[in-house]
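Some notes on the structure that comes next.
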Amino acid sequence: MRNFLALSVSALVLISACAKKDAPAAPPAEPTAAAASETISAPRAHLDAMRAQIAIVDMAPDTSFLTVEEVRVVNLLNEAASLMSKIYFQQVSEQNPAVRAEIEAGDNPDKEILLNLFDLHFGPWDTLDHDKPFYGTTEKRAGAAFYPDDMTKEEFDAHLKAHPEDKDAFMSGYTVIRRDENGALKAIPYSVYYKKWLEPAAALLNQAAEITTNSSLKKFLALRAAAFGTDDYFDSEMAWMDLDGPIEVAIGPYETYTDGLFGYKTAFEAFVTVKNPQESAALDKYKKYLRDMEGNLPVPPEYKNFRRGFESPIAVVAQLHGGGDNVPGVQTIAFNLPNDERVREAKGAKKVLLNNVMAAKFDRILAPMAGHVLVPEQASLLMQKYMGAETLFHELSHSLGPGTITRNGVETTVSAELKELYSATEEGKADVMGAYNILYMMEKGEMPAAEKENFLATYFVGLFRAVRFGVNEAHGRGAAFQYAFLKEQGAFAVDETTGKYRLDFPKLEAAISALTAEIVFVQGDGDYDRAAAFLNKYAVLDAPATAVIASLTDIPVDIQPIYKERI
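Following my numbering, the numbering of the sequence shown begins with 706 at its first residue and continues without gaps.
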C-alpha cells in the first residue's frame, strides 16, 4: 500500500533526493493490437493547464555518506528500476509505444508538450482527470493491459466457472490474461511475458548482490532476482522485511491500483532510497503500540485481527530513483509493504516514509492549501508535524483490521472478495484509522493532547489534497467517502459567505471513531455488494467541496521529482 497525501514529519530532518525520471519504455516485442491512429489532441491551453498542475522539482540529496561500494550498488539498482518503468509502460497499455512514436513522428505543433505529458502520465490519458485522453479519443481500459482488450468481466467469470482449475492462475497477481490460438482465455506468468526486461533486471540485482557486503541486502537482492524468473516472491518478501543498512530498496510487482477491472494484477515498480537510521529510530516507539491499536479498534472482537505479525519496522528515507508505477502521475510519499497476507501474518509490514518527497509536497502544496479550505482562525491551526504523523499512522493502519477472513466457510482475503473496490476502501480505512490512532496516542500521552485541534484541522485539510487526484483514483475515492461521512455526522459547517469550512471538533472526533468502525465492518464482512453500496453512497463530493477544489488553481496538484540516473 502507498500514501499519496502531501505530508511531512517534523521529527525528521528534511533530506532531498537525486535521480532523473525514467525514459518511456521500449515497444513490446509483440503488441496485441494496432496502435491508435487518432491525431486529435486537446487544445494548447488545456495542455498548458495540465502541465502546470504538476510542479517540476529537482531533487538533490546528500549521498556523501555512502561508501564507494554502496554507490556502485545504488547505481546498479537505478538501472534495474528503469527496467521496471519499461514493463509498467507496457502494463498500462501495449499501444503506448506506438502512440508515442506516432506523436514523435507527426507534425502536430504541440508535439513537444504532448510528448512531455505522455511521459509524465505514461500514456495519452490525464491521470489527474479521470483518465480522459489528451491525445486521440481512445478510452483507457479499466483492466489496463493485464487482460485482452475485448474481454469482459462476465467472460472472465464464466471461464472460471467452466474451468475452476484455472482459478489460482487467473486470479494470481503475477499473470497476464491472453487468448490462445482458438480465442480461449489463458494465463501467462509474468516471468514469461515480461522476460525481455525481467532477465536483465535480475542480472543487475545479482551483480549488486555480488558487490555488497551487507548480508541482508545481499540475501534480498539474490532472492528477488530469482523471483523474477519464478514468480514466487514469498522468500524475497520475507527477506525484504529484514533489510538492515543505509540502502533501502523495493523492486518488483506490488500494487494493484492499475488493474481497475478486478484489482488482481500487480504493477511493477521500484523505490531506490537511502535510510536515516536516527530518524527511523525516533519513530520506532509507535510500533510497540500496534497490538494495542488493534485491540482499541471500536469494533467487536471478531472483527479484530491478531493473526498478523506486529514487527512493523519503520524506515525514514530519501528517494534517489523511482521506477515503474512509482514514476507517473501522483507521487508516492510513503508505502507499506509487502501486500502478501502470508508475510504480514508472519512478520507484519514495513513502513517506508519518503521524506524528501514529503518535504517537497508540503512546501509546494499543503502549506498554502489551508487558507482555501478552512476559516482563518482554524486555518492557522495546521501543524507540519501532524501532516507527518498522519502519513506514518496511515501506513501503520494498513497493518491493522481485517486481512485474511472467512466467508461462507472458506478462508479468503478482503482484497480477493472486494476485488477492484478493495483499494479505495483500504486507502480510506488507513486514513481514518490513522486519525483514530493518533487520537489514541494522545490518550496514551505519546502525543500532546493539547494539540488535538491542530491535528484534526490538519487531517481535514489533507482530505482535500487527496480528492484533487479524482474520486476514481483509490486515494481520492477513499478521501471522498471520509468527507461525505464526516458531513453526515455534522463534523463541519460551510460558511455561506466565503465557502470555507468551520470544524466542530468534538463531532469530528466522534465521526472519526464511527467511520473507523463502519469501514472495518465493510471490509471484515467481505461483502462486495455492501462495499459497492457504501462507496456509491459516500464516495461523492458535494457542491461546497467542488467549489473549494476549483479555487485551488494557484496551487499545483502534485510534483514531478527529477532524479539523476547515477549518483
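Glycine included, every Cβ here is placed at the ideal spot set by N, Cα and C. Since the structure is predicted, the reported quantities are computational estimates derived from the model, not experimental observations.
Straight-line Cα distance separating N813 from K1134: Residue mapping note: residue 1134 aligns to position 429 of the sequence shown, counting from 1. Residue mapping note: residue 813 aligns to position 108 of the sequence shown, counting from 1. Cα-Cα distance, rounded: 45 Å.
Since I956 is in the beta strand (DSSP E), which residue starts that stretch and which ends it? Position 251 of the sequence shown, counted from the first residue, corresponds to residue 956. Here the beta strand (DSSP E) through I956 covers I952 to P958.
Residues that DSSP places opposite G1029 in a beta bridge: Indexing the sequence shown from 1 puts residue 1029 at position 324. Bridge partners of G1029: E974.
First through last residue of the alpha helix (DSSP H) which encompasses T1251: Looking up residue 1251 in the sequence shown gives position 546. A1248 to A1255 is the span of the alpha helix (DSSP H), which, as asked, contains T1251.
T935 - DSSP class collapsed to helix/strand/coil: Taking the sequence shown and counting its residues from 1, the one referred to as residue 935 is at position 230. DSSP places T935 in helix when its eight states are reduced to three.
Take the Cβ of D1030 as the centre, count every other Cβ of all protein chains shown within 10 Å, and call the residue buried at 16 or more, exposed below. Here residue 1030 refers to the residue found at position 325 when the sequence shown is read from its first residue. Buried is the call here.
From this set, F925, L926 and L1071, which residue's C-alpha is nearest G1093's C-alpha? Position 388 of the sequence shown, counting from 1, holds the residue named residue 1093. Of the candidates F925, L926 and L1071, the one whose C-alpha sits nearest the C-alpha of G1093 is L1071.
Is K980 close to the ligand FAD? I mean its beta-carbon at under 8 Å from any heavy atom of the ligand. Summarising the ligand content, the structure contains no ligands, and the ligand FAD is consequently not present.
Roughly how many angstroms lie between the CA atoms of Y840 and P802, to the nearest whole one? Residue mapping note: residue 840 aligns to position 135 of the sequence shown, counting from 1. Residue mapping note: residue 802 aligns to position 97 of the sequence shown, counting from 1. Looking at the two C-alpha atoms, the distance is approximately 14 Å.
Beta-ladder partner(s) of K837, from DSSP: If you number the sequence shown from 1, residue 837 lands on position 132. DSSP lists D831 as partners of K837.
On the criterion of 16 or more Cβ atoms from any shown chain inside 10 Å, does S1290 qualify as buried, or is it exposed? Shown here, the chain extends from 706 to 1272; a query on residue 1290 therefore has no answer.
State yes or no: is the C-beta of V1166 within less than 9 Å of the C-beta of L1079? Walking along the sequence shown from the start, residue 1166 turns up at place 461. Walking along the sequence shown from the start, residue 1079 turns up at place 374. Yes.
Rounded to whole angstroms, what is the Cα-Cα separation between V776 and D767? Taking the first residue of the sequence shown as position 1, residue 776 is located at position 71. Taking the first residue of the sequence shown as position 1, residue 767 is located at position 62. If I take the Cα positions, the gap works out to 12 Å.
Based on DSSP bridge pairs, tell me the residues matched to T1111. In the sequence shown, the residue the question calls residue 1111 occupies position 406. In DSSP, T1111 forms a bridge with E1116.
Using a Cβ-Cβ cutoff of less than 8 Å, which residues in the same chain neighbour G1292 once the five nearest sequence positions on both sides are dropped? Past the edges of the chain, shown from 706 to 1272, lies residue 1292, and the structure says nothing about it.
Quick one: Cα of M1063 to Cα of S798, how far? The residue given as residue 1063 occupies position 358 in the sequence shown. The residue given as residue 798 occupies position 93 in the sequence shown. So the alpha carbons of these two residues sit roughly 29 Å apart.
Which residues does DSSP pair with A1023 in a beta bridge? Looking up residue 1023 in the sequence shown gives position 318. Answer is V979, bridged to A1023.
If we call anything under 9 Å between Cβ atoms a contact, is T1111 one with A1236? Here residue 1111 refers to the residue found at position 406 of the sequence shown. Here residue 1236 refers to the residue found at position 531 of the sequence shown. No, these two residues do not count as a Cβ contact at 9 Å.
For V897, does the count of other Cβ atoms within 10 angstroms reach 16, so buried, or fall short, so exposed? In the sequence shown, the residue the question calls residue 897 occupies position 192. Exposed, by the Cβ-count rule.
Quick check: F973 and M1138, are their CB atoms within less than 9 Å of each other? Counting from one through the sequence shown, the residue named residue 973 turns up at place 268. Counting from one through the sequence shown, the residue named residue 1138 turns up at place 433. Going by C-beta atoms, F973 is not nearer than 9 Å to M1138.
Can you tell me which residues form a DSSP beta bridge with L820? Locating residue 820 in the sequence shown gives position 115, counting from the first residue. In DSSP, L820 forms no bridge with anything.
Between which two residues does the alpha helix (DSSP H) harbouring Q758 extend? Taking the sequence shown and counting its residues from 1, one reaches residue 758 at position 53. Looking at the DSSP string, Q758 is not in any alpha helix (DSSP H), and its letter there is neither H nor E.
Outcome for F794 when other beta-carbon atoms lying within 10 angstroms are tallied against a minimum of 16: On the sequence shown, position 89 is the one that residue 794 refers to. With 16 or more neighbouring CB atoms inside 10 Å of its own CB, F794 falls in the buried class.
In the structure shown, what three-state DSSP assignment does Y1206 receive? On the sequence shown, position 501 is the one that residue 1206 refers to. Judged by DSSP in its simplified three-state form, Y1206 adopts strand.
Output yes or no for whether 9 Å exceeds the beta carbon distance between T857 and I745. Along the sequence shown, one-based indexing puts residue 857 at 152. Along the sequence shown, one-based indexing puts residue 745 at 40. No; because the gap between Cβ atoms is not below 9 Å, this pair is not in contact.
If you measure between the beta carbons of M998 and L1101, is that distance less than 9 Å? In the sequence shown, the residue the question calls residue 998 occupies position 293. In the sequence shown, the residue the question calls residue 1101 occupies position 396. Result yes, Cβ atoms of M998 and L1101 sit closer than 9 Å.
Helix, strand or coil: which one does DSSP assign to K1055? Sequence index remark: in the sequence shown, residue 1055 carries index 350 (1-based). Three-state result, K1055: strand.
Could you give the distance in angstroms between the alpha-carbon of K970 and the alpha-carbon of E1201? Looking up residue 970 in the sequence shown gives position 265. Looking up residue 1201 in the sequence shown gives position 496. Looking at the two C-alpha atoms, the distance is approximately 45 Å.
Quick check on the burial criterion: 16 or more other C-beta atoms within 10 angstroms. Buried or exposed for T935? Walking along the sequence shown from the start, residue 935 turns up at place 230. It counts as exposed.
Contacting residues, own chain, Cβ-Cβ under 8 Å from L820 (five flanking each side not counted): Within the sequence shown, the letter at position 115 stands for residue 820. Hits under 8 Å: R805, I808 and E809.
Do you know how far the Cα of G965 is from the Cα of H835? On the sequence shown, position 130 is the one that residue 835 refers to. On the sequence shown, position 260 is the one that residue 965 refers to. Going by the C-alpha atoms only, they are around 12 Å apart.
Y1188 and A1250 look like a contact to me (Cβ under 8 Å); what is the Cβ gap, rounded to whole Å? One-based indexing of the sequence shown puts residue 1188 at position 483. One-based indexing of the sequence shown puts residue 1250 at position 545. Right, the Cβ-Cβ distance comes to about 6 Å (below 8 Å), so this counts as a contact.
Specify, as a first and last residue, the run of the beta strand (DSSP E) that A765 falls within. Numbered from its first residue, the sequence shown carries residue 765 at position 60. From DSSP, A765 is part of no beta strand (DSSP E); its letter is neither H nor E.
If you draw a straight line from the C-alpha of F1067 to the C-alpha of I1019, how long is it? Along the sequence shown, read from residue 1 onward, the residue named residue 1067 stands at position 362. Along the sequence shown, read from residue 1 onward, the residue named residue 1019 stands at position 314. The C-alpha of I1019 is placed about 21 Å away from the C-alpha of F1067.
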